[in-house]
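Peer 1: Got a structure for you, written out below as C-alpha cells; questions coming shortly.
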Amino acid sequence: MRPTYPERMYSRLRSALFALGPETAHNVASLSARFAQSAAPFLLDAMYEYAHPSLHQEIFGKTFANPVGLAAGFDKNARMIPFFRKAGCGFVEVGSVSAKRSKGNKKPRAFRLPEDEALINRMGLNNVGAKAVQPRLREHAGQIAFPVGVNIAKTHSPDIMGDAAIEDFCESFRILAPYADYVALNISCPNTEEGKTFEDPNSLDQLLTAIMHERSQMERRMPVLVKLSPPHTPNFVLDSFFDEILLVSLAHKVNGFIATNTASDRENLVTSPARLEQIGRGGLSGQPIRERANGLVKYLYRKTKGNKPIIGVGGIASAEQAYERVKAGASLIQIYTGLVYQGPGLIRDIKEGLVRLMEEDGHSSISKVVGIEAE
Ligand SMILES: Cc1cc2nc3c(=O)[nH]c(=O)nc-3n(C[C@H](O)[C@H](O)[C@H](O)COP(=O)(O)O)c2cc1C
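Residue numbers (the numbering used here): 2 to 376.
Next up, the structure:
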C-alpha cells in the first residue's frame, strides 16, 4: 500500500525527532501538536478524518466513536486533548496526575530501543499536579462521543506512605474525578522509588475502600478502572497474583481494567545486554510486551465473563494487533510506543484496518468481536 500523506510527513519528521533525545523529541512533538490544534484544526481534520459506524460502542454509559485511545503518559498535563480528538482518537486518557506537582526522576529518563520497537522510561510521574490539570479536564471532558479519562497516581515521594498515600490518591480523586469521563487508578507504575505499593492486595483493598467512599459522596458515579502491570509470560493461568488483585477489585465493584502498564523486566529483547545495562532501570513498553498484555486481557475477560470492560494497551502498533487485542477481550485499545515510532497517522491506519478486518470476517460491529478469542 502507498504511504498516506500523514505517513510520508511523519517519516520525514521522525528522522528529525529521532536525532533528538526521546524526551526532547516528545517535548517538540507536544509543542507542535499544541500549535496545530490551535492554529490549524481544519488541516488536522483533512489529514486524519475517518469514521465508520461499525466502530461505535456504548461503554460505561459513554459513547465511543471508535475504540482507539491515547494511553496515559503521553499527555500527562492534559494539554493536547483537542489535537488527539482531531487526529481521530475515540478517547484520550490524560495523566498520570498526582495530588502534588512533581518533577519526576533525574534526566535522562526515556530511551528508545529501535531494534525492538520499544521504549524504556523511568519518568517517575512528572506532572503539574491535580489542581493545575483540573480546569483543562473541566474544559474538555464530558463531550459527546469523545470521552476523556484521567489517570491518577500517588505523588512521587517516598515520604508519602501508608495512610498518607491513600489520602494523597483521594485528594487527586476529589479534585479531578467530578470532571472526568472515567478515572484510571495507576497502581502499577514501576518508576517510583517506593515501588508498586498498590498492587499488593491489602493495599489495593484499602485504596479501593477509600476511593469508592469518595465516589459515593459525589453527585455522579464516574467509572473507576484499575491499571495493572503485565505478567511475566502470556501463559500465567496459575498466577495467584492476578487472581487476588482481581478478587479485591471485583469486591469493590470497579468498572473495568486497563491492561497493561510497562514491564520492569527485560524479556523478549534483541537490544544488546550492554546497551540495556547502560540504560538502567525503567518500564519497558512496545512490541516486547505485546503478547503478555494480550494474555492478561484474555485472562481478565475469561475471569469476568466479559462483564467488565477492558482497555487493552501494550505493544499495539497496527490494525492487526489492535484486532487481536479486541478478539482477546478488549473493548477499547490504547497506544503510546506505536505513536512514537509511527506518528499520529497510526490512529487512522488502525481504524481503517479494523473496519477492513471486520468486513473480511463478516462482523458488522466491533462490539461483536470483543472476546471471541479469549479462550
Ligand atoms: C514515556 C512513557 C511514560 C508513561 N507514563 C505513564 C503514566 O504516567 N501513567 C500510566 O499509567 N502509564 C504510563 N505509561 C504507560 C503507557 O500508558 C502504556 O501502558 C505502556 O506504554 C504500554 O503501551 P505501549 O506499548 O503502547 O507503549 C507511560 C509509557 C511511556 C512509554
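For each residue, glycine too, the CB sits at the ideal point set by N, CA and C. None of these values were measured; they are calculated from a predicted model.
Check whether the stretch 50 to 65 touches the stretch 105 to 113, taking contact to mean three or more Cβ pairs, one atom from each stretch, closer than 8 Å.
Peer 2: The stretch 50 to 65 vs the stretch 105 to 113: no contact.
Peer 1: Got a sec: does ligand 2 put a non-hydrogen atom nearer than 7 Å to the Cβ of Arg110?
Peer 2: For ligand 2, the structure offers nothing, since it holds only ligand 1.
Peer 1: Can you find the residues in the same chain that come closer than 6 Å, C-beta to C-beta, to Ser250, ignoring five residues on each side of it along the sequence?
Peer 2: Stepping through the sequence shown from its first residue, residue 250 is reached at position 249. For Ser250, where only same-chain residues beyond five positions count, the Cβ hits under 6 Å are Val227.
Peer 1: Within 10 Å of its beta-carbon, does His214 have 16 or more other beta-carbons around it, so buried, or fewer, so exposed?
Peer 2: Position 213 of the sequence shown holds residue 214. His214 is exposed by the Cβ-count criterion.
Peer 1: Which same chain residues end up closer than 7 Å to Ser189 when comparing Cβ atoms and leaving out the 5 residues on each side of it in sequence?
Peer 2: As a working note, residue 189 is residue 188 in the sequence shown. Cβ neighbours of Ser189 beyond the five flanking positions: Lys197, Glu200, Lys228, Leu229, Ser230, Asn262.
Peer 1: Could you pull out every residue in the same chain whose Cβ sits closer than 6 Å to the Cβ of Ala146, ignoring the five residues on either side in sequence?
Peer 2: Position 145 of the sequence shown, counted from the start, is the residue given in the question as residue 146. Counting only Cβ-Cβ distances below 6 Å, and skipping sequence neighbours, we find Thr64, Ala66.
Peer 1: What are the boundary residues of the alpha helix (DSSP H) that Asn295 is part of?
Peer 2: Here the question's residue 295 lines up with position 294 in the sequence shown. Looking at the DSSP string, the run of the alpha helix (DSSP H) that includes Asn295 is 291 to 304.
Peer 1: Would the beta-carbon of Asn460 be found less than 7 Å away from any heavy atom of ligand 1?
Peer 2: Nothing can be reported for residue 460: it is not among the residues displayed for the chain, which extend from 2 to 376.
Peer 1: Skipping 5 residues on each side, what residues in its chain have a beta carbon closer than 6 Å to that of Ala111?
Peer 2: The residue labelled residue 111 in the question sits at position 110 within the sequence shown. The residues are Pro23, Glu24, Asn122.
Peer 1: Nearest CA to the CA of Pro345: which residue from Ala79, Asn203, Leu71?
Peer 2: Translated into the one-based positions of the sequence shown, residue 345 becomes position 344. Answer by Cα proximity: Leu71.
Peer 1: Please state the DSSP three-state secondary structure of Arg326.
Peer 2: Within the sequence shown, residue 326 is the residue found at index 325, counting from 1. In this structure, Arg326 counts as helix in the three-state DSSP scheme.
Peer 1: Let me check you understand the geometry: is the CB of Ser230 closer than 7 Å to at least one non-hydrogen atom of ligand 1?
Peer 2: Counted from its first residue, the sequence shown places residue 230 at position 229. No, since every heavy atom of ligand 1 falls outside the 7 Å radius drawn around the Cβ of Ser230.
Peer 1: Could you check what DSSP says for Ala119 in three-state terms: helix, strand or coil?
Peer 2: Locating residue 119 in the sequence shown gives position 118, counting from the first residue. Ala119 falls in the strand class under three-state DSSP.
Peer 1: At a cut-off of 7 Å, would you count Ser97 as near ligand 1, judging by its Cβ distance to the nearest heavy atom?
Peer 2: Position 96 of the sequence shown, counted from the start, is the residue given in the question as residue 97. Yes, the Cβ of Ser97 comes within 7 Å of a heavy atom of ligand 1.
Peer 1: Sort out for me which residues DSSP pairs Asn28 with in a bridge.
Peer 2: Within the sequence shown, numbered from 1, the residue matching residue 28 stands at position 27. Bridge partners of Asn28: none, in fact.
Peer 1: Span of the beta strand (DSSP E) holding Val371?
Peer 2: Counted from its first residue, the sequence shown places residue 371 at position 370. Per DSSP, Val371 belongs to no beta strand (DSSP E) and is neither H nor E.
Peer 1: Considering only the alpha carbon of each residue, which of Gly363, Met10, Ala73, Leu32 lies closest to Ile312?
Peer 2: By 1-based counting over the sequence shown, the position of residue 312 is 311. Comparing Cα-Cα distances from Ile312 to each of Gly363, Met10, Ala73, Leu32, the minimum goes to Ala73.
Peer 1: DSSP has Ile311 in a bridge; who is on the other side?
Peer 2: Mapped onto the sequence shown, residue 311 falls at position 310. The partner list for Ile311 (beta bridge, DSSP) reads Phe258.
Peer 1: With a threshold of 7 Å (Cβ to nearest heavy atom), would Gln295 be considered close to ligand 1?
Peer 2: Taking the sequence shown and counting its residues from 1, the one referred to as residue 295 is at position 294. Note on identity: in this sequence residue 295 is Asn, with Gln being the wrong assignment. Checking the Cβ of Asn295 against ligand 1 gives no.
Peer 1: What residues match up with Ile60 in a beta bridge as DSSP calls it?
Peer 2: Translated into positions along the sequence shown, residue 60 becomes position 59. Bridge partners of Ile60: Lys63.
Peer 1: Straight-line CA distance for Gln172 to Ile246?
Peer 2: As a working mapping, residue 172 is identified with position 171 in the sequence shown. As a working mapping, residue 246 is identified with position 245 in the sequence shown. The displayed chain sequence assigns Glu, not Gln, to residue 172. Approximately 23 Å, taken between the alpha carbons.
Peer 1: State the beta-bridge partners of Glu94 as determined by DSSP.
Peer 2: Sequence index remark: in the sequence shown, residue 94 carries index 93 (1-based). Glu94 pairs with Gly150.
Peer 1: Under 8 Å: do the stretch 87 to 104 and the stretch 264 to 273 share three or more Cβ pairs, one atom per stretch?
Peer 2: Because the criterion of three Cβ pairs below 8 Å is not met, the stretch 87 to 104 and the stretch 264 to 273 do not touch.
Peer 1: Using three-state DSSP, classify Tyr183 as helix, strand or coil.
Peer 2: Looking up residue 183 in the sequence shown gives position 182. The answer is strand: DSSP assigns Tyr183 an E or B state.
Peer 1: Measure the alpha-carbon distance for Arg137 versus Ala275 and round it to whole angstroms.
Peer 2: Walking along the sequence shown from the start, residue 137 turns up at place 136. Walking along the sequence shown from the start, residue 275 turns up at place 274. Going from the Cα of Arg137 to the Cα of Ala275 covers about 42 Å.
Peer 1: With the cut-off set at 8 Å, would you say Asn78 and Val129 are in Cβ contact?
Peer 2: For this step, residue 78 is matched to residue 77 along the sequence shown. For this step, residue 129 is matched to residue 128 along the sequence shown. Cβ distance < 8 Å, so Asn78 and Val129 count as in contact.
Peer 1: Near Tyr324, what residues of its chain come up, given a Cβ to Cβ distance below 7 Å and the 5 sequence neighbours on each side ignored?
Peer 2: Here residue 324 refers to the residue found at position 323 of the sequence shown. Contacts found: Leu355, Leu358.
Peer 1: Report the residue from Gln135, Val371, Leu18 whose alpha carbon sits nearest the alpha carbon of Val95.
Peer 2: Numbered from 1 along the sequence shown, position 94 holds the residue referred to as residue 95. Nearest of Gln135, Val371, Leu18 to Val95, Cα basis: Gln135.
Peer 1: By Cβ distance below 7 Å, which residues in the same chain neighbour Lys132 in space, the five residues on each side in sequence not counted?
Peer 2: Taking the first residue of the sequence shown as 1, we reach residue 132 at position 131. These residues qualify, in order along the chain: Ile176.
Peer 1: Measuring only from the beta carbon, is Asn28 closer than 7 Å to any heavy atom that is part of ligand 1?
Peer 2: Locating residue 28 in the sequence shown gives position 27, where the first residue counts as 1. The answer is no for Asn28.
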